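Below is one structure, written out as structure tokens; the observations come after it.
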């Protein structure tokens, strides 16, 4: 029988020591998605027991193309914790990471509780109080950023840092499925995207999360909670000295620097 807590401890150690480890699936060929979520829950418990708090949900693999490539019918999810939050225009230190990458997203803040199953993207928008632009820094704890799907789930979907925009926006002031974004690093455009890349509409990502949590008996998404809906752009590798400025259509900039 697998030692789920032991695996979670090894992932936390890798994160703290900035030292990548080999994939779980390399050592346990039968390691599957359900096992990955069991490790993720152990990892979350360990972090909460050490004094951290969950501040948001995060969705991953929300591109239809990626889902087809991975042969899955639904995205994956993880959690953002308090120590991962960086202010807009903030600074981070490269030595705090293993091999970070950044992607642009839209975050939702709920005005009402949401509970699946069967909730639609339209219903999500009705229950959403605010949307805002966001950047997510992912940093796999596995060697060479190489892993199978159960591995990345166990690793809390590579969650590392989040930079939220400085302003909140009403969802009905936008066509939420057609927000465009341009990411520049050191003045060079490195990625462009559109919110429709996230399951056709980021609201659909929130709806899927609600259904998955219900099916796994993990309760509702509560009012005031933040959901990172998934990457609008590809994930771009970062290095020391990078200055990332991301421009969102009618939603301003989100930026940070690496030292």
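Residue numbers (my numbering): 1220 to 1478.
Glycine residues also receive a C-beta, built at the ideal position from the N, C-alpha and C atoms.
Please read all numbers here as calculations on a predicted model, not as lab measurements.
### Nonlocal neighbours in the same chain, by C-beta distance under 6 angstroms from residue 1356, ignoring five residues either side
1319, 1321, 1379, 1380
### Query
Just reading off the alpha helix (DSSP H) that residue 1261 is part of, what are its end residues?
1252-1268
### Message
On a Cα-Cα basis, can you pick out the residue from 1336, 1456, 1373 that is closest to residue 1440?
### Response
Considering only alpha carbons, the answer is 1336.
### Within 8 angstroms, strictly: CB atoms of residue 1330 and residue 1442
yes
### Query
Cα separation between residue 1236 and residue 1226?
15 angstroms
### Query
For residue 1275, which residues does DSSP report across the bridge?
1299, 1445
### Query
DSSP puts residue 1307 in a beta bridge; with which residues?
Per DSSP, none; premise fails for residue 1307.
### Residue burial classification, residue 1405 (beta-carbon count within 10 angstroms, cutoff 16)
Here residue 1405 is exposed. Its C-beta has fewer than 16 other C-beta atoms within 10 Å.
### Message
Check for me: the alpha helix (DSSP H) holding residue 1421 runs from which residue to which?
### Response
1421-1434
### Query
Which residues in the same chain as residue 1385 place their Cβ atom closer than 6 angstroms to its Cβ, once the five residues preceding and following it in sequence are excluded?
1307, listed in sequence order.
### Query
Which whole-angstrom value is the C-beta distance of residue 1223 and residue 1257, which I expect to be below 8 angstroms?
In this structure residue 1223 is in contact with residue 1257, their Cβ atoms being roughly 5 angstroms apart against a cut-off of 8 angstroms.
### Message
Tell me the DSSP secondary structure of residue 1475 in three-state form.
### Response
Strand, per DSSP.
### Query
CB residue 1265 to CB residue 1374, shorter than 8 angstroms?
The answer is no: Cβ separation not under 8 angstroms.
### Query
For the beta strand (DSSP E) that contains residue 1322, what are its first and last residues?
It spans 1320-1329 - the beta strand (DSSP E) in which residue 1322 sits, taken as one unbroken run.
### Query
According to DSSP, which residues form a beta bridge with residue 1383?
1353
### C-alpha distance - residue 1453 paired with residue 1323, whole-angstrom precision
8 angstroms
### Task
Could you check what DSSP says for residue 1220 in three-state terms: helix, strand or coil?
Looking at residue 1220 - three-state DSSP - the assignment turns out to be coil, as it is neither helix nor strand.
### residue 1410: first and last residue of the uninterrupted beta strand (DSSP E) it sits in
Looking at the DSSP string, the run of the beta strand (DSSP E) that includes residue 1410 is 1407-1413.
#### Entry: Minimum C-alpha distance to residue 1466 - residue among 1352, 1438, 1450
1352
### Task
Taking 8 angstroms as the cut-off, decide whether the C-beta atoms of residue 1274 and residue 1445 are in contact.
yes
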